[in-house]
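A.B. asks: Read left to right, the sequence shown gives residues 9 to 156 (my numbering).
Even glycine gets a Cβ: it sits at the ideal position worked out from N, Cα and C.
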Amino acid sequence: MITFIKKFLIVLTILNIVLISSPKANDAVTINKGENAPFTGTLLSPSAVAKILASDQISNEQCKIEIEKQAALSKSKSKYDLEIQKIKTQSCEDVLSQTIKLNDNYINDLEKEVTNVRTRTNLSFIGGVLSGIGITVVSAWAISKVAE
9 MITFIKKFLI VLTILNIVLI SSPKANDAVT INKGENAPFT GTLLSPSAVA
59 KILASDQISN EQCKIEIEKQ AALSKSKSKY DLEIQKIKTQ SCEDVLSQTI
109 KLNDNYINDL EKEVTNVRTR TNLSFIGGVL SGIGITVVSA WAISKVAE
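#1: Would you report the Cα separation of LYS41 and SER53, rounded to the nearest angstrom?
#2: So, helix, strand or coil for LEU81, using DSSP?
#3: If you measure between the beta carbons of ALA45 and LEU51, is that distance less than 8 Å?
#4: Which of helix, strand or coil does DSSP assign to GLU156?
#5: So what does DSSP say about GLU43, is it helix, strand or coil?
#6: Mapping the DSSP letters down to three states, classify THR127 as helix, strand or coil.
#7: In the structure shown, what three-state DSSP assignment does LEU90 receive?
#8: Using a Cβ-Cβ cut-off of 7 Å (strictly less than) and excluding sequence neighbours within five positions of LEU39, which residues of its own chain qualify?
#9: I need the straight-line Cα distance from GLN70 to VAL103, nearest angstrom please.
Structure below.
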């Protein structure tokens with residue numbers, strides 16, 4: 009049984025070495041003109057491989073450029089929207105400030121009017137009281153003269 013296991017392991021090792029060292033369809037194998045290809049497939053010249061690699065790099069660069077372009081557009085749109093909002097906010101603050109000034113002026117005018125009305129009312133009251141006293145004094149004097 010041990011000899012069988014030894015033989016089996018040797019066969020597995022040899023098969024493993026043969027299978028690993030033989031080229032596969034996805035391996036790159038360099039061959040010279042006139043040699044047989046180790047597998048069925050498409051043979052590319054070095055310039056064709058270079059074109060494939062270059063087109064891949066160009067695609068990557070184009071993607072990077074497009075990403076940068078879209079990021080810049082998005083950033084500039086965000087800045088634009090932010091500036092519009094700042095301008096709207098400033099406009100609202102200006103309108104509010106003017107409204108507050110107008111209301112303050114209106115309140116001051118109303119306070120002046122109330123003060124003037126009080127002063128006129130006080131003067132009218134004082135004038136009425138003094139007129140009443142004057143009429144009473146003159147009436148008393150006139151009655152005293154007639155009574156004499």
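C.D. replies: So, to answer that:
#1: Here residue 41 corresponds to residue number 33 of the sequence shown, with the count starting at 1. Here residue 53 corresponds to residue number 45 of the sequence shown, with the count starting at 1. If I take the Cα positions, the gap works out to 11 Å.
#2: In the sequence shown, the residue the question calls residue 81 occupies position 73. It is helical.
#3: Within the sequence shown, numbered from 1, the residue matching residue 45 stands at position 37. Within the sequence shown, numbered from 1, the residue matching residue 51 stands at position 43. Cβ atoms of ALA45 and LEU51: closer than 8 Å.
#4: Reading the sequence shown from its first residue, position 148 is the one you call residue 156. Correct three-state label for GLU156: coil.
#5: As a working note, residue 43 is residue 35 in the sequence shown. Coil, per DSSP.
#6: Here the question's residue 127 lines up with position 119 in the sequence shown. Collapsing the DSSP output to three states places THR127 in a helix.
#7: Working through the sequence shown from its first residue, we reach residue 90 at position 82. In this structure, LEU90 counts as helix in the three-state DSSP scheme.
#8: Working through the sequence shown from its first residue, we reach residue 39 at position 31. The residue you asked about is not Leu; residue 39 is Ile in the sequence shown. Here ILE39 has ALA45 as same chain residues with Cβ atoms under 7 Å from its own Cβ, once five neighbours each way along the sequence are excluded.
#9: Against the sequence shown, residue 70 aligns to sequence position 62. Against the sequence shown, residue 103 aligns to sequence position 95. Here the alpha carbons of VAL103 and GLN70 stand approximately 49 Å from one another.
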